[in-house]
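Residue numbers (my numbering), protein chains in the order written: chain A, 11 to 223; chain B, 11 to 223.
Number of protein chains: 2
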Amino acid sequence: MPAATVLTERGRATRDRIVAAAATLIHEHGVTGTSLDDVRAATTTSKSQLYHYFTDKSALVRAVIELQVDQVLTAQQPELGEATSMAGLRRWRDRLITLNERDARGCPLGRLASELTDSDPVARAALTAGFARWQGLLAAGLETMRSHSALDPDADPQALGLGLLAAVQGGLLLAQATGSVAPLRTAVDLALDSIQARTAPSAATGHPAGVDG
Amino acid sequence: MPAATVLTERGRATRDRIVAAAATLIHEHGVTGTSLDDVRAATTTSKSQLYHYFTDKSALVRAVIELQVDQVLTAQQPELGEATSMAGLRRWRDRLITLNERDARGCPLGRLASELTDSDPVARAALTAGFARWQGLLAAGLETMRSHSALDPDADPQALGLGLLAAVQGGLLLAQATGSVAPLRTAVDLALDSIQARTAPSAATGHPAGVDG
DNA sequence: CCCTGTGTGGACTGTCAAGTCCACTACGCC
DNA sequence: GGCGTAGTGGACTTGACAGTCCACACAGGG
Chain A
11 MPAATVLTER
21 GRATRDRIVA
31 AAATLIHEHG
41 VTGTSLDDVR
51 AATTTSKSQL
61 YHYFTDKSAL
71 VRAVIELQVD
81 QVLTAQQPEL
91 GEATSMAGLR
101 RWRDRLITLN
111 ERDARGCPLG
121 RLASELTDSD
131 PVARAALTAG
141 FARWQGLLAA
151 GLETMRSHSA
161 LDPDADPQAL
171 GLGLLAAVQG
181 GLLLAQATGS
191 VAPLRTAVDL
201 ALDSIQARTA
211 PSAATGHPAG
221 VDG
Chain B
11 MPAATVLTER
21 GRATRDRIVA
31 AAATLIHEHG
41 VTGTSLDDVR
51 AATTTSKSQL
61 YHYFTDKSAL
71 VRAVIELQVD
81 QVLTAQQPEL
91 GEATSMAGLR
101 RWRDRLITLN
111 ERDARGCPLG
121 RLASELTDSD
131 PVARAALTAG
141 FARWQGLLAA
151 GLETMRSHSA
161 LDPDADPQAL
171 GLGLLAAVQG
181 GLLLAQATGS
191 VAPLRTAVDL
201 ALDSIQARTA
211 PSAATGHPAG
221 VDG
């Protein structure tokens, strides 16, 4: 008897409310730092509802992961989808910084990843898939650049996308630890400089290393 | 009445044993995933001993952080201290990869950082200090390069060190999530390429982007 | 040889959180 | 208008874990 299979509109609204609140709480306090009673209180629901919609806590966490992946990626739009030039990449970078200079909480996905990878294989797979989507979006933009001859034909868009994503994650981790966005800016700029160094000389549009755009 | 102030040799041995075992357990299962009973069992000590040497669990965690910072940094020696050229940096990179290709568990400091930064300010400070030491070691090597004119005089060793550290952290996070060292390699190579692009043309020793050294 | 303080053992308590259960309500369909 | 299913409320059980307490062992110094 797995949790609620058929949902009415009302049920779906309640379920969404639970996942949204859980996502916020987990982002702020982590998975183990968030109790189901906290979720219950934040949503004015009852214990039985949580177990009506989710078989157990880990199922709720997995639903949160799905939501967070979507939220994190859409929060970077439209800049992420338009990162098809150095200028576009720098606009995306600015967007990232703006998103994180308010509250340097780190990336929700990064936090979930380090908390769950060695305890919940299903969650891990969902997070890996989320990172892959993110990398894919970056790689797509870089691939477009390459097809427009704005990037060295030898450059590997997938690898560059992965490196860029790692810079973002590492930058956010250090930003969270230090309480400042500076590490994020520095890390992403370093990676972007590396990409810029691979732009076809004629098509290079950006400014030199490390300078804000 | 804070925990044990004066220790005999025997007491110090016990304390060290507790911290070492706790460090291992926490690296594997996280702070919240490690109970004091687990530590007790792993060290064949008793509850009263834990509270004899540490006021509470967070005090033990802080001792673990100190140990982990030292362990993480010394594990990178001597390569980290000799990263005073592109070749030296690449040897350090190889060392990092070797250290992590066995068990892609991520960086203990990274994990602790994302787990503790918004719950224990003291732990956060200790971790920030640890990251700062790491960054400082990298920056020192880069500074040496610059003083030898092997690096662009305009390059900022501190910023490059921070970016490199972020690449390592992000790479390790993704390595942990995907279960492969590949992201670490890609991330660090991307950052190193950026540094190489700032080497003084005459002193440049390395090979082009992304190739292993 | 006792006396003091460090080191050790392990039972015990209190709290908090996951998960269960049952009673009740709301809504649609026959 | 009853009947079944989705939705809701909240008390209860169970277990794990942080932290406490007291009793005992082992050392050295008078």
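Note that CB positions come from ideal geometry on N, CA and C, so glycine has one too.
Does the beta carbon of residue i sit closer than 8 Å to a beta carbon anywhere in chain A?
| i | result |
| --- | --- |
| A207 (chain B) | yes |
| D104 (chain B) | no |
| R86 (chain B) | Before going further, note that residue 86 (chain B) is Gln rather than Arg in the sequence given. No, Q86 (chain B) lies away from the interface with chain A (no Cβ there is under 8 Å from its Cβ). |
| L68 (chain B) | Note that residue 68 (chain B) corresponds to Ser in the displayed sequence, not to Leu. No, because no Cβ of chain A sits closer than 8 Å to the Cβ of S68 (chain B). |
| L152 (chain B) | no |
| L90 (chain B) | no |
| T34 (chain B) | no |
| L161 (chain B) | no |
| T42 (chain B) | yes |
| S129 (chain B) | yes |
| L200 (chain B) | yes |
| L172 (chain B) | yes |
| T53 (chain B) | no |
| L175 (chain B) | yes |
For residue i, count neighbouring Cβ atoms within 10 angstroms of its own Cβ and tell me buried if that reaches 16, exposed if not.
| i | result |
| --- | --- |
| E19 (chain A) | exposed |
| R22 (chain B) | exposed |
| S112 (chain B) | Contrary to the premise, residue 112 (chain B) reads as Arg rather than Ser in this sequence. Exposed, since its Cβ has fewer than 16 Cβ neighbours within 10 Å. |
| H158 (chain A) | exposed |
| I205 (chain A) | buried |
| T44 (chain A) | buried |
| D66 (chain A) | exposed |
| G98 (chain A) | buried |
| P167 (chain A) | buried |
| P58 (chain B) | Before going further, note that residue 58 (chain B) is Ser rather than Pro in the sequence given. So S58 (chain B) ends up on the exposed side. |
At a Cβ threshold of 8 Å, is residue i touching chain B?
| i | result |
| --- | --- |
| V246 (chain A) | The structure shown does not extend to residue 246 (chain A), since chain A is modelled only from 11 to 223, so the question has no answer here. |
| R134 (chain A) | yes |
| R22 (chain A) | no |
| V178 (chain A) | yes |
| L184 (chain A) | yes |
| S204 (chain A) | yes |
| A169 (chain A) | yes |
| L77 (chain A) | no |
| A197 (chain A) | yes |
| G181 (chain A) | yes |
| A93 (chain A) | no |
| A187 (chain A) | yes |
CA-CA distance, residue i and residue j?
| i | j | result |
| --- | --- | --- |
| L90 (chain A) | A14 (chain B) | 54 Å |
| G223 (chain B) | L170 (chain A) | With a pLDDT of 32 at G223 (chain B), under the threshold of 50, the modelled position of this residue cannot be trusted, and the question is left open. |
| L184 (chain A) | V29 (chain A) | 28 Å |
| D26 (chain A) | T42 (chain A) | 21 Å |
| S68 (chain A) | H39 (chain B) | 16 Å |
| D1 (chain A) | V71 (chain A) | With chain A represented from 11 up to 223, any question about residue 1 (chain A) goes unanswered, as that position is not in the structure. |
| W102 (chain B) | D48 (chain A) | 45 Å |
| Y63 (chain A) | A133 (chain B) | 37 Å |
| S95 (chain B) | A160 (chain B) | 7 Å |
| R121 (chain A) | T138 (chain A) | 13 Å |
| L261 (chain B) | L202 (chain B) | Limits of chain B in this structure are 11 at one end and 223 at the other, which puts residue 261 (chain B) out of reach. |
| L17 (chain B) | A142 (chain B) | 31 Å |
| A224 (chain A) | A52 (chain A) | No information on residue 224 (chain A) is available, as it lies outside the stretch 11 to 223 that chain A covers here. |
| R115 (chain B) | Q145 (chain B) | 21 Å |
| S129 (chain A) | T188 (chain B) | 14 Å |
| T127 (chain A) | T34 (chain A) | 20 Å |
| A73 (chain B) | A177 (chain A) | 29 Å |
| P88 (chain A) | R50 (chain B) | 52 Å |
| D104 (chain B) | L46 (chain A) | 44 Å |
| V125 (chain A) | A210 (chain A) | First, the amino acid is wrong: residue 125 (chain A) is Glu here, not Val. Distance between the alpha carbons of E125 (chain A) and A210 (chain A) is about 41 Å. |
| Q78 (chain B) | A123 (chain A) | 20 Å |
| M155 (chain B) | R100 (chain B) | 14 Å |
| S190 (chain B) | T54 (chain A) | 42 Å |
Am I right that residue i and residue j are in contact with their C-beta atoms under 8 Å? What's the rounded C-beta distance?
| i | j | result |
| --- | --- | --- |
| L109 (chain A) | A85 (chain A) | 6 Å |
| L147 (chain A) | L83 (chain A) | 7 Å |
| G151 (chain B) | A93 (chain B) | 4 Å |
| I107 (chain A) | L200 (chain A) | So it is not a contact: roughly 14 Å between Cβ atoms. |
| A207 (chain A) | A207 (chain B) | 5 Å |
| I36 (chain A) | A136 (chain A) | That pair is no contact at about 14 Å. |
Compute every distance between the C-beta of residue i and the non-hydrogen atoms of the ligand GDP, then say whether any falls below 7 Å.
| i | result |
| --- | --- |
| A165 (chain A) | Ligands are entirely absent from the displayed structure, and the ligand GDP is therefore not among its contents. |
Fill in: Cβ-based contacts, 7 Å cut-off: residues of the region 138-149 of chain B near chain A
T138, F141
Fill in: Residues from the region 110-124 of chain A in contact with chain B, defined by Cβ distance under 8 Å
Hits within the stretch, in order: R115, G116, G120, R121, A123, S124.
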